[in-house]
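Asker:
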Amino acid sequence: MSDRLNRVAVLVLEGAKPLDVGIPAQVFTTRASMPYEVRVCGAAPGLVTGGDGLSYHVAHGLEALGWADIVFLPGYRHPDRDDPPPAVVEALLAAHARGARLAAISTGAFALAATGLLDGKRATTHWHYTRALAQRHPRIRVDENVLFVDEGDVLTSAGAASGIDLCLHILRGDLGIAAANHAARRLVAAPYRSGGQAQYVPRSVPEPLGERFAAVREWALHRLGDPLTLEVLSRRAAVSPRTFSRRFVEDTGYTPMQWVMRARIDVARELLERSELSVEQIAADVGLGTGANLRLHFQRILGTTPSEYRRTFSGDAG
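Under UniProt numbering, the residues of the sequence shown are numbered 1 to 318, in order.
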């Protein structure tokens with residue numbers, strides 16, 4: 001890794017939502033474990049009127065987008081009424097052309113959509129605005145039932161809390177899962193919420209069952225080295241395997257066994273980063289049995305080998 005800090009710009013537009021602004025600013029704040037520098041900016045330096053009775057005094061204008069490696073677009077009020085100013089759209093396009101990633105939180109997806117960079121790609125936004133986004137930008141494949149979508153150079157997320165999930169996802173890709181989990185603990189946030197997990201959309205499902213399923217997932221995360229079958233998990237939830245499977249997919253976007261496999265791979269990733277255990281030992285510890293089995297699933301899910309992953313993200317990577 002380069003000694004230069006990764007540069008993060010948070011673009012505050014008129015009507016910006018305070019949580020959406022604060023999440024990337026806080027997640028990527030410079031500290032020993034976080035090699036990032038954050039600049040909060042607006043269409044021009046000075047006062048920006050926000051939503052929810054708050055205003056922001058930003059130190060930087062659009063020049064910060066020319067400086068940044070990643071630009072966050074927080075959500076803002078009434079996104080379906082007007083596109084952002086032309087100068088903002090031009091600066092976003094210029095940043096993207098220069099190689100910066102653009103990441104929208106909640107209704108910030110509308111500002112990103114105004115650039116045309118989401119055309120032909122999957123994207124999401126807060127569930128209340130997914131229909132408006134699809135109508136305003138019909139070339140975007142709007143997915144209302146995910147927490148975030150990573151299209152490589154453009155990323156979008158749902159409501160404010162999923163902005164944390166998106167930021168942790170970016171950290172996982174930049175610095176590895178150990179750093180992302182460390183940040184999650186600092187934020188007292190869930191470290192394992194995939195982009196495929198469903199948004200909370202009001203539906204007629206008894207809430208206690210949802211809480212029970214969340215408790216089963218937490219229980220499973222502490223027992224990944226044990227045999228975790230559909231029968232074991234559904235018995236823990238006190239429902240039939242069929243009901244468990246159906247509800248699990250609704251809640252997470254994965255079947256129970258897909259979710260368990262990804263959780264095991266995540267623990268394996270952290271062990272590869274933070275320990276000198278052999279691949280065989282790690283495979284046994286996370287419930288995958290053999291090193292060959294771990295290599296198989298690692299390649300299928302992450303597109304790389306455990307050894308190559310360790311070289312990339314271990315403390316010796318430089």
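We treat Cβ as the ideally placed atom computed from N, Cα and C, and that holds for glycine.
Alpha carbons only, please: which of A16, A158, R262 and V239 is nearest the one belonging to V146?
Answerer: Along the sequence shown, one-based indexing puts residue 146 at 146. When only C-alpha atoms are compared, the closest one is A158.
Asker: Based on Cα-Cα distance, which residue from T243, A9 and R101 lies nearest to G173?
Answerer: Taking the sequence shown and counting its residues from 1, the one referred to as residue 173 is at position 173. The residue with the shortest Cα to Cα distance from G173 is R101.
Asker: If you follow the beta strand (DSSP E) that Y56 is in, where does it begin and where does it stop?
Answerer: Here the question's residue 56 lines up with position 56 in the sequence shown. Y56 -> beta strand (DSSP E) spans S55 to V58.
Asker: Rounded to whole angstroms, what's the CA-CA distance from L168 to K121? Just pull it up for me.
Answerer: Locating residue 168 in the sequence shown gives position 168, counting from the first residue. Locating residue 121 in the sequence shown gives position 121, counting from the first residue. L168 and K121: Cα-Cα distance of roughly 22 angstroms.
Asker: What separation, rounded to the nearest whole angstrom, lies between the Cα atoms of C41 and V71?
Answerer: As a first step, residue 41 is located in the sequence shown; it is residue number 41 there, counting from the start. As a first step, residue 71 is located in the sequence shown; it is residue number 71 there, counting from the start. The alpha-carbon atoms of C41 and V71 are separated by roughly 10 angstroms.
Asker: Among A109, H126 and H128, whose alpha-carbon lies nearest the alpha-carbon of A119?
Answerer: Here residue 119 refers to the residue found at position 119 of the sequence shown. Reading the sequence as shown, one finds Asp at residue 119 and not Ala. Looking at the Cα atoms, A109 is the closest of the given residues.
Asker: Just to confirm the assignment, what range does the alpha helix (DSSP H) spanning F248 have?
Answerer: Locating residue 248 in the sequence shown gives position 248, counting from the first residue. Residues P241 to T252.
Asker: Use the C-beta contact count for D80: other C-beta atoms within 10 angstroms, 16 or more gives buried, fewer gives exposed.
Answerer: By one-based count along the sequence shown, residue 80 stands at place 80. When all chains shown are included, D80 counts as exposed.
Asker: Using the three-state DSSP reduction, which class does residue 386 fall into: helix, strand or coil?
Answerer: As displayed, the chain neither begins before 1 nor continues past 318, which places residue 386 out of reach and without an answer.
Asker: If we ignore side chains and look at the alpha-carbon of each, how far apart do A68 and R7 end up?
Answerer: Translated into positions along the sequence shown, residue 68 becomes position 68. Translated into positions along the sequence shown, residue 7 becomes position 7. Cα to Cα, A68 sits roughly 5 angstroms from R7.
Asker: Tell me the DSSP bridge mates of Y36?
Answerer: The residue labelled residue 36 in the question sits at position 36 within the sequence shown. For Y36, which the question treats as bridged, DSSP gives the partners N6.
Asker: In whole angstroms, what is the alpha-carbon distance linking I140 and P306?
Answerer: Locating residue 140 in the sequence shown gives position 140, counting from the first residue. Locating residue 306 in the sequence shown gives position 306, counting from the first residue. Looking at the two C-alpha atoms, the distance is approximately 35 angstroms.
Asker: In the DSSP assignment, find the unbroken beta strand (DSSP E) run with T156 in it and report its ends.
Answerer: Position 156 of the sequence shown, counted from the start, is the residue given in the question as residue 156. V154 to S157 is the extent of the beta strand (DSSP E) around T156.
Asker: Quick check on the DSSP output: what are the complete beta strand (DSSP E) runs of length 3 or more inside the UniProt domain "HTH araC/xylS-type" (214 to 312), in order along the chain?
Answerer: Whole beta strand (DSSP E) segments, 3+ residues: zero.
Asker: Quick one: Cα of G252 to Cα of W259, how far?
Answerer: By 1-based counting over the sequence shown, the position of residue 252 is 252. By 1-based counting over the sequence shown, the position of residue 259 is 259. Before going on, a small fix: residue 252 reads as Thr here, not Gly. Answer to the nearest angstrom: the Cα atoms are 8 angstroms apart.
Asker: In this structure, how does DSSP classify V89 when only helix, strand and coil are distinguished?
Answerer: The residue given as residue 89 occupies position 89 in the sequence shown. Helix.
Asker: Between the Cα of L19 and the Cα atoms of T156, Y76, A64 and L5, which residue gives the shortest distance?
Answerer: Within the sequence shown, numbered from 1, the residue matching residue 19 stands at position 19. Ranking the options by Cα distance to L19, first place goes to Y76.
Asker: Our contact map puts residue 319 next to F148 with C-beta atoms below 8 angstroms; I'd like the distance itself, whole angstroms only.
Answerer: Because the chain here runs from 1 to 318, residue 319 falls outside it and cannot be looked at.
Asker: With G287 and R269 assumed to form a contact (beta carbons below 8 angstroms), what rounded beta-carbon distance in angstroms separates them?
Answerer: To locate residue 287, count along the sequence shown from 1; it is residue 287. To locate residue 269, count along the sequence shown from 1; it is residue 269. Actually they are not in contact, since the Cβ atoms of G287 and R269 sit about 14 angstroms apart, beyond 8 angstroms.
Asker: For chain D, check one thing: does any of its Cβ atoms lie closer than 9 angstroms to the Cβ of I170?
Answerer: Annotation note: the requested chain D is absent from the structure, which comprises a single protein chain.
Asker: In whole angstroms, what separates the C-alpha of A179 from that of A91?
Answerer: One-based indexing of the sequence shown puts residue 179 at position 179. One-based indexing of the sequence shown puts residue 91 at position 91. Approximately 31 angstroms between the Cα atoms of the pair.
Asker: Which one of N293, E211, T124 and E276 has the shortest CA to CA distance from V142?
Answerer: In the sequence shown, the residue the question calls residue 142 occupies position 142. Comparing Cα positions, the closest option is T124.
Asker: How far does the beta strand (DSSP E) with D52 in it extend, from its first residue to its last?
Answerer: Taking the sequence shown and counting its residues from 1, the one referred to as residue 52 is at position 52. Run containing D52: none; DSSP gives neither H nor E here.
Asker: Who are V12's beta bridge partners in DSSP?
Answerer: To locate residue 12, count along the sequence shown from 1; it is residue 12. Answer is none; V12 lacks a bridge partner.
Asker: My understanding is that P10 touches P85, with C-beta atoms under 8 angstroms, so please give their C-beta distance in whole angstroms.
Answerer: Position 10 of the sequence shown holds residue 10. Position 85 of the sequence shown holds residue 85. As written in the sequence, residue 10 is Val, which differs from the Pro given in the question. Wrong, their Cβ atoms sit about 17 angstroms apart, outside the cutoff.
Asker: Which residues mark the beginning and the end of the beta strand (DSSP E) in which F72 is found?
Answerer: Your numbering for residue 72 matches position 72 in the sequence shown. It spans I70 to L73 - the beta strand (DSSP E) in which F72 sits, taken as one unbroken run.
Asker: Helix, strand or coil: which one does DSSP assign to F110?
Answerer: For this step, residue 110 is matched to residue 110 along the sequence shown. F110 falls in the helix class under three-state DSSP.
Asker: Contact defined as beta carbons within less than 8 angstroms: I believe S106 pairs with A183. What is the distance between those atoms, to the nearest angstrom?
Answerer: On the sequence shown, position 106 is the one that residue 106 refers to. On the sequence shown, position 183 is the one that residue 183 refers to. Not a contact, Cβ separation roughly 20 angstroms.
Asker: Is the beta carbon of T29 sitting closer than 9 angstroms to the one on V38?
Answerer: Numbered from 1 along the sequence shown, position 29 holds the residue referred to as residue 29. Numbered from 1 along the sequence shown, position 38 holds the residue referred to as residue 38. Yes, these two residues count as a Cβ contact at 9 angstroms.
Asker: Can you tell me whether S162 is buried or exposed? The criterion is at least 16 other CB atoms within 10 Å of its CB, across all chains shown.
Answerer: For the purposes of this step, residue 162 is taken as the residue at position 162 of the sequence shown. Buried: at least 16 other Cβ atoms inside 10 Å.
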